[in-house]
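Numbering-wise (the numbering used here), the sequence shown opens with residue 879 and increments by one. Have a look at the structure below, then the notes.
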Amino acid sequence: MPQLWPQSRGRELYLIGALNVKGQNVFISSGLIFLFIFEWYTEIVYINYEILEHTADFKMKAYGKDLPEVFVNMAKGVASQQLEINDLNEAGQTQGEWEEVAVETDDLESLLVDWLNEILYRSDANKKIYSDFEVLEFSESPYKIKTKIRGLPTTQKKLEIKAATYHELEIKKTDGGWQATVIFDI
């Protein structure tokens, strides 16, 4: 696991999934920011996504300073559920060629759902789990996203996610940026 603070004086903080853990005095502010306070170190860590409880399907909320970051964090959350966390941490060294994905729609909600579903379709067709994303273009008039994606070859997924849905779909601006909630068919 990657060490977040090199001068930890023998004490280590590690990134595990989307959360940093270990140590004393962990505070949560508005569910999005974790503040770690030690006598020798303070860090504020922004949480990119969280898995929410849902009876039958898979529900996730992603956060970002802007809409492109929310889209990417949602896609990374999907990848984290399809792969074992150790595989995702190693993804940077083993990924192949970049692929371009461009989607244009009439509204923001459709843009997110269509983009996620294009990634899920390619994942199934190409037998890959896409976990590396770069936004090349994002516009709201018309609604358009153009990205580069790349992924890990896989024969088996930890969780088979079929599609993003419009059920309870929500994208909204918050005081800290943007957030989106999506339910996925599994």
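Heads up, the beta-carbon is just placed ideally off N, CA and C, and yes, glycines get one too.
What do you reckon, are the CB atoms on residue 1006 and residue 1033 nearer than 8 Å?
As a working note, residue 1006 is residue 128 in the sequence shown. As a working note, residue 1033 is residue 155 in the sequence shown. Result no, Cβ atoms of residue 1006 and residue 1033 do not sit closer than 8 Å.
Quick one: what does DSSP say residue 954 is sitting in, helix, strand or coil?
The residue labelled residue 954 in the question sits at position 76 within the sequence shown. Residue 954: helix per DSSP, three-state reduction.
Please determine, among 935, 941 and 934, the residue with the shortest C-alpha to C-alpha distance to residue 1053.
By 1-based counting over the sequence shown, the position of residue 1053 is 175. It is 941 whose Cα lies nearest to the Cα of residue 1053.
Touch check for the segment 977–987 and the segment 951–961: three-plus C-beta pairs under 8 Å?
No contact exists between the segment 977–987 and the segment 951–961.
Ends of the alpha helix (DSSP H) at residue 998?
Counted from its first residue, the sequence shown places residue 998 at position 120. First-last of the alpha helix (DSSP H) with residue 998: 986–1004.
Quick one: what does DSSP say residue 1063 is sitting in, helix, strand or coil?
Within the sequence shown, residue 1063 is the residue found at index 185, counting from 1. DSSP places residue 1063 in strand when its eight states are reduced to three.
Buried or exposed for residue 933, please, with buried defined as at least 16 other CB atoms from any protein chain shown within 10 angstroms of its CB.
Along the sequence shown, one-based indexing puts residue 933 at 55. That one is exposed.
Where do the ends of the beta strand (DSSP E) carrying residue 1026 lie?
Counting from 1 along the sequence shown, the entry for residue 1026 is found at position 148. Where residue 1026 is concerned, the enclosing beta strand (DSSP E) stretches over 1021–1031.
Sort 1001, 1038 and 945 by Cα distance to residue 1009 and report the nearest one.
Within the sequence shown, the letter at position 131 stands for residue 1009. For residue 1009, the nearest C-alpha among the options comes from 1001.
Would you report the Cα separation of residue 1059 and residue 990, rounded to the nearest angstrom?
The residue labelled residue 1059 in the question sits at position 181 within the sequence shown. The residue labelled residue 990 in the question sits at position 112 within the sequence shown. Rounded to the nearest angstrom, the two C-alpha atoms are 10 Å apart.
To the nearest angstrom, how far is it from the Cα of residue 1014 to the Cα of residue 931?
For the purposes of this step, residue 1014 is taken as residue 136 along the sequence shown, with counting starting at 1. For the purposes of this step, residue 931 is taken as residue 53 along the sequence shown, with counting starting at 1. Taking the straight line joining both Cα atoms gives about 33 Å.
In whole angstroms, give me the CA-to-CA distance for residue 1023 and residue 927.
One-based indexing of the sequence shown puts residue 1023 at position 145. One-based indexing of the sequence shown puts residue 927 at position 49. Each residue's alpha carbon lies about 20 Å from the other.
My assumption, with CB atoms under 8 Å, is that residue 1016 sits in contact with residue 1027. Please give the rounded CB distance.
Taking the sequence shown and counting its residues from 1, the one referred to as residue 1016 is at position 138. Taking the sequence shown and counting its residues from 1, the one referred to as residue 1027 is at position 149. Not quite, the Cβ-Cβ distance comes to about 14 Å (not below 8 Å), so this is no contact.
Per the DSSP calculation, residue 948 is bridged to which residue(s)?
Along the sequence shown, one-based indexing puts residue 948 at 70. Bridge partners of residue 948: none, in fact.
Mind checking residue 998: buried by the 16 CB within 10 Å criterion, or exposed?
As a position in the sequence shown, residue 998 is number 120, starting the count at 1. Buried: at least 16 other Cβ atoms inside 10 Å.
Measuring only the C-alpha atoms, how far is residue 1021 from residue 1055?
Residue numbering aside, residue 1021 sits at position 143 when the sequence shown is read from its first letter. Residue numbering aside, residue 1055 sits at position 177 when the sequence shown is read from its first letter. So the two alpha carbons sit approximately 19 Å from each other.
CB-CB under 7 Å to residue 1046, same chain, minus the five flanking residues each way: which ones, in chain order?
In the sequence shown, the residue the question calls residue 1046 occupies position 168. For residue 1046, where only same-chain residues beyond five positions count, the Cβ hits under 7 Å are 1059 and 1061.
Drop a sphere of 10 angstroms on the beta-carbon of residue 1003, count the other beta-carbons inside from all chains shown, and report buried for 16 or more, exposed for fewer.
As a working mapping, residue 1003 is identified with position 125 in the sequence shown. So residue 1003 ends up on the exposed side.
Would you check if the distance between the CB atom of residue 1064 and the CB atom of residue 935 is smaller than 8 Å?
Walking along the sequence shown from the start, residue 1064 turns up at place 186. Walking along the sequence shown from the start, residue 935 turns up at place 57. Yes; because the gap between Cβ atoms is below 8 Å, this pair is in contact.
Straight-line CA distance for residue 987 to residue 1035?
Taking the sequence shown and counting its residues from 1, the one referred to as residue 987 is at position 109. Taking the sequence shown and counting its residues from 1, the one referred to as residue 1035 is at position 157. So the alpha carbons of these two residues sit roughly 27 Å apart.
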